[in-house]
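Protein chains in written order, with our numbering: chain A, 1 to 164; chain B, 1001 to 1473; chain C, 2001 to 2101; chain D, 3001 to 3606; chain E, 4001 to 4482.
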């Protein structure tokens, strides 16, 4: 059992565990922790594949994002009479069928199309990255800017205004 | 690159300027800035529509119908923004909203001509984010609810598209441009490709609001401010339909056997037509009825998408006609409200308006007839060509379903005309101070005039002039 | 293959969460799981080298764009959730059923 | 003379123009309205006489126009071809019509709406002329329908009387039934011959297969039955008496009702080829003759008596036709026109005189109205068949011919003439003899009413001797007087008269002996009730069921139902929009899954 | 040289002029409308100099020769009589609605628009143009019924629009198949290239569906009574006078030429529908208690004659169909006009409430009697030649079964004369003692129509003379069996 596969398995376990907790936890804190774990694991994957920069971005964006999210969550989430925040889940068969069906169809579709193991990584420095963004992916970059502009204005509009 | 992206940049610039102006609380100016950007963008786009089609940086298409579509999108948006000048200049953050509208239109314009999966994804996302805010901006409980539901569904759709993108990029990637992916992929129609195809098809079907991905549209268009509903109902669909045919039938998935497009979009088309037509019959709310009818209209467009490249021009014309007409009827809702502040939003509540504001009512009637697909309006030529192509492709039953549905649609479009013209005004007509929104009204009248002109002119001049705008070769 | 199973599986778990979680906050979290796992799949497959002639950096760049996109989604979503909380004094999505029919 | 004759169309055009003139300028003309109205039949009479004087029974004047041809000629032409037969008919029509108009001057004086009345009379003259001078079946059919319309208008002259209004409709509808038969007959001929002019049809007739000829003949016969009020379409004529009496004299005694006989005589080349058709004609004629005569016996209304009498006499003519003697039929037609018109005008004078039609309220009028009385007696004698009056000769010829066709039918007709004499005597006594039972002051009408009576009386006396000449005029052989038949019928007539005279003395004998039978006879063998029960009520019910049951409940319900269905579908589909965001998202995902499944299915090649 | 195109342009200009004039005086708008409808007639008359009424083809102006122009109008022997009908009924409709008070200018503008659209249908030589006008007719009619109609106008207008729109929508499918498989839009080239059709029978039925609804044929007729009863007088006049004719015209102009062999194959169905319509329409008319509804159902019966005549597929049969159409196009309007005038005075159409009107309003009574006699097909009046020829030809084509339809002829007399007896004749209904008889102004349109009825009855060649060549050629084509 190679070190790669060990790392991979560990990260995979963490990611799955985190994701599942995020989706099923009744307690807000647990959910937050689960999500954190999931995101960290994702970051871990990036780094493990050599996409360090990607990992960094992921880390910053999400740690920030998730922290904010959690703060609001604890503020907003509906509380039980005892005062402990509770996240309810309505498990229903339709949702299960949809999720399960999607999983089955996609996985079967991809089976065979992809190799079993990761044989090569992505190694690239920030310099090349900049080159890409100012070169072939300039449009993407611009669009990203547009997107952020939209986000900015949207958030300001929605949160900035009093209840007009 | 600049040729391709220039118009969009102009629009975005206008939007950015609007944001700035809003910061100084110069809303009216902000609106005009946006309009100016749109107009400039439209003009440049029309100019470049005279060029032969090119693809710049493997990312953006331009020339002929592609630029033409962009121009049409911007032009319609410009008229609608002008029409919504008064409500915007009165709304809090009006300038910001105008900017959001401008951005979403720019994004739509990008999607329409994008030749890159990632650009498409970002464009769709930008449109969506703006749309959430614009729907929300009615600042009512209902609009907030609608916006957040819209968001939940949107997130799922984005996720699905992202999944599809991951598959394609992961397998054939290192670049997301159509040309590249297509080149690497060849005509391989393996399960991964078809899966990605469906996932992206779903994302687009959601964007245009086809059954069963339509639910957001009903709530959003009902509760959004009429002038934004006018913008969101039509323009994005035009962009999306063009983008769909490019993506699914002309580039990345062109290698798939046509059965795929036919079955996926054909079934969606039939479902949407039936759902929209039948569901619209039950609506009492004017805007919600229009939202339902929008689902049916998307169905007609999807007939074109199902046929594929051959129907591109026809489909584009059909959706463009829809965008104009939908803009008119939604904008009219705002005008009605300003004439009758105590209007409860129901169709019945429009009783007798035909006498009070004849020109407005007649223009609305024209737009409705265009939506029905009556001759002498632009809507007719759209349906005529789409169904014609479907027939010549051998799918006359598809055309027949659409045609019959458009008959049913008179059931609800007609109920509006009935209220406007056949019913007497209610006794308590003058509830609340009525000051008609001239801006909105004149915009509606103008759009109706466009519909008529495009509807009548081909009779004597032939269809060429109209089609030249939407020829994608 | 295990990568595919993990990521797609997580995606579907997230989807399930979106479809079943009652609280908008939790739904947001589930959405994060969906988008995150999708990103993971994207980068992972690229890393798996199935992609042909990858130019250096394009993968990371794409990944960055996707992350930004997901973040944007989250931000606007959060803003909406907050406005909902302000207006309705709750974030329970099942209590928002005024608009229907 | 010849010049006039050449312009055959004028005999239709002139009365037509005069009709329009009267209708338009009636109010202006005032009391002179009858003058142009008199000119119309006068012209017809003159024309007819001119034609008659030509002395040829062949076509003397003809002309036609392509009428229904889109391009070129296609055998659907309309035109005139005047031969002896038409000439005789023209004379009859013109003469009787003129006298009737004259009579109306007195009879109708003081009535409202006279322009309408005289215009209709002129129009009738035109239509009747067209009927008789037509060179083909189309022209005949046009005239045929138009006289029916005029009859409708004139019966309904006093249209505010419900009885009159209904009688008019009844007359039109009943004859229309016959007309449909005639129309189909034309269709058959058109299909077989491809040309509806007499010349072409009669030329082609011998070549046609017997079934076709029989079918065509029988269909024409149906038309004739309707017009001539023969069994089973006789029901309309008694009601038609609701019209003004002069009208009854002209249309419902002398001319229009005789058109059926004329039709068969005219299309003799066709009929003569089909023994079956002739047999049917004979049967119908016989049955009608005796049945109607019996009904006439029981009538208490003087005009009703004459109406049934007319039906009966027409039955004689049909019987003659059936027996193969169209000449005899025509002869009887001519004489009957004279003496029946005389009787009707006489009754009109009586009604005018004592303001009732009920025999019970008459009596002893002979002394009070001598001229009417005398002329009536002449007419009555002619009808009863007393020598040497006109009726005697014509009926003698008819009986003679029928005798040749078979004893059974001859016997029936003899019976019929017995009954005829019976009701004639009864009516005559009830009306003119014994003591006056009415409350009025009976008096003769003015000269305009007397003159026609005298003229007709003269004809009723003299015409019998002109038989040969008349027959020669329309080119039929005229058998010499059959003395055996003459003797027999005369004896029968006398017997009948005697019986009738006696019975009339007693108070309503028939009723006392056999009330049921009497009632049955008075109602014309209950035909009306039968028709009402068998045709009218079912038809009304059917049409109501078709409208309320089928049209509203089924056909329209289906159409309207589609809307309901659409709404139902809509209701089912909109129930999806529950307002639950997560359900919406589920639908979204489900759609994706479904499409994925579909595609993977398509992938395996549908 | 007068352009055929004016037949569409003049009424449209009239509509605009009407609206403009309406800004100043409603009464002025009336006169404007009258003038322009008469102008339409004037144009048509002046076209006679170019042989428009002797079966010649008079082409309109062709704009934009280079592109694919749909605008291709012409007058020929088949359209000329119907155009004449349109020209006749235009002024009649305007005069009939002289008393309209509510938004009169708009009303008259819509009438003129309707006239333009109908004229366009009859003029179009291009199938797309044909369809455009075909649908355009619905719009003014929809508003005429909906705004100026009677009690149930809302439902009636909706029903009228949806029902006929459904028919023409199906027709559109047929047109699309024809256009896109043959690759031409001019009717002539479609007829010429018909062999290219893969499934002519399908195309034929798709086309015929719309026209049978418009005609209307049993069992798709139920929109007609509702529309007629609720429509204002002018609307009923145009509806019965020209709109129904579009159905028969469409069959002769489009459906049969494009798929003649298919038509010949299913002609028996047309005969069947026609026969049923004749008897059914008459029988149902007999059960009506509403005078206007009675007339409406009589239309169904008359259109049955049209179908029966068409089914013979002979030149004379087609001529008969045209005759019946034109005749019904003057008789039904006369009756609707009279019923409308009665309704204006009494505000009811209940037959039972009338009686003896002939004594109270003689002119009106005589007119109605005249109309009834014309409607029952009395010789000398317009109804006779067509129905007579129909029976003759029908027997030639279908032999004895045609006899099954002849009861309709008796029933026609029955319901018409029943109406006269109940309304004009009989006891005078004191209720209407003070009723106004027709004024001179009322009489003008009545007399115009009456004159037309007599003329057509006396000289039917006036009509069939024009159409003969075309119809002959058409039946010849059917004969070839291709």
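Glycine included, each C-beta is placed from N, C-alpha and C at the ideal position.
Predicted, not measured: the structure shown is a model, and the values here were computed from it.
Same chain, Cβ closer than 6 angstroms to residue i, five either side skipped, listed in chain order
i: residue 3208(D); result: 3192
CB contact below 7 angstroms: residue i versus chain C
i: residue 3597(D); result: no
i: residue 1025(B); result: no
i: residue 60(A); result: no
i: residue 109(A); result: no
Cutoff 7 angstroms: residue i Cβ touching any chain B Cβ
i: residue 3245(D); result: no
i: residue 4064(E); result: Since pLDDT at residue 4064(E) reaches only 46, below the 50 mark, its modelled position is unreliable, and the value read off the structure follows with that caveat. Yes, contact with chain B.
i: residue 2018(C); result: yes
i: residue 159(A); result: no
7 angstroms Cβ cutoff met for residue i and residue j
i: residue 3008(D); j: residue 3061(D); result: yes
i: residue 3582(D); j: residue 2019(C); result: yes
i: residue 1313(B); j: residue 1471(B); result: yes
i: residue 3424(D); j: residue 3413(D); result: no
i: residue 1086(B); j: residue 1437(B); result: yes
i: residue 4424(E); j: residue 4480(E); result: no
i: residue 1272(B); j: residue 1210(B); result: yes
is_contact[residue i, chain A] using C-beta, thresh 7 angstroms
i: residue 1381(B); result: no
i: residue 3574(D); result: no
Any non-hydrogen atom of the ligand MN closer than 6 angstroms to residue i Cβ
i: residue 1301(B); result: Looking for the ligand MN in the displayed structure turns up nothing, as the structure carries no ligands at all.
Beta-ladder partner(s) of residue i, from DSSP
i: residue 3082(D); result: 3061(D)
i: residue 4073(E); result: 4124(E)
i: residue 1114(B); result: 1060(B)
i: residue 3136(D); result: 3197(D)
Within-7 angstroms CB hit, residue i to chain D
i: residue 98(A); result: yes
i: residue 1398(B); result: no
i: residue 1149(B); result: yes
Nonlocal neighbours in the same chain, by C-beta distance under 7 angstroms from residue i, ignoring five residues either side
i: residue 1283(B); result: 1289, 1292, 1412
i: residue 3282(D); result: 3319, 3322, 3323, 3405, 3409
i: residue 2011(C); result: 2034, 2037, 2038
| alpha helix (DSSP H) runs contained entirely in the segment 1208-1280 of chain B, provided each spans 4 or more residues | Fully enclosed alpha helix (DSSP H) runs of 4 or longer: 1215-1223, 1226-1244, 1258-1280.
| field | Every unbroken alpha helix (DSSP H) inside the segment 3362-3402 of chain D [4 residues or more] | value | 3365-3368, 3370-3384
| task | Any chance you could list the alpha helix (DSSP H) runs of at least 4 consecutive residues sitting entirely within the segment 4229-4254 of chain E, in chain order? | result | Complete alpha helix (DSSP H) runs here, min 4: 4233-4238, 4244-4250.
| Inside the segment 3246-3300 of chain D only - alpha helix (DSSP H) runs reaching at least 4 residues | List check, alpha helix (DSSP H) in window: 3259-3266, 3268-3271, 3275-3297.
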